[in-house]
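Each remark here refers to the structure printed beneath this line.
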Amino acid sequence: MTSSQLSESAPDWCLHPEIATLWTGGALSQRMPKKDTAWETAQAHQDLPSLPRKELIAKLDQAEKEKVDAAQLVREFEALTEENRTLKLAQSQCVEQLEKLRIQYQKRQGSS
């Protein structure tokens, strides 16, 4: 796929080199430049206002993905917390039952 074909078929946000590589399945990875020094500097200094529109959109997409990932982690944490509470309750009930059985066993040993 050529750059002109890519620009015709892909949305604007796909024209960033990293995203274009994903969009085309890596076909352009050899021809498209990697992150340049200006991009790295902008990333390091969070210099968002001076970034080109396509890079801002890519950064926004990444932030949205991270937000979704964080929300998923919160849901997983809540589910694991509930599971942990349930398991602790079951474990304490097992300990209680085991203690009752131990007492019964000792009584039987004493009566024989």
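Be aware that the sequence shown starts at 139, since it is given in our numbering, and climbs by one per residue. Just so it is clear, CB atoms sit at the ideal spot from N, CA and C, and this is done for glycine as well.
Query                                                                : Result
Which of helix, strand or coil DSSP assigns to L218                  : helix
Alpha-carbon spacing of K226 relative to E202, whole angstroms       : 36 Å
Buried versus exposed, by CB contacts within 10 Å (16 or more), S145 : Note that S145 scores a pLDDT of 46, beneath 50, so its modelled location is shaky; the value from the coordinates is reported in the next line. So S145 ends up on the exposed side.
Coil, strand or helix - L189 by DSSP                                 : coil
Span separating the alpha-carbon of R213 from that of D207           : 10 Å
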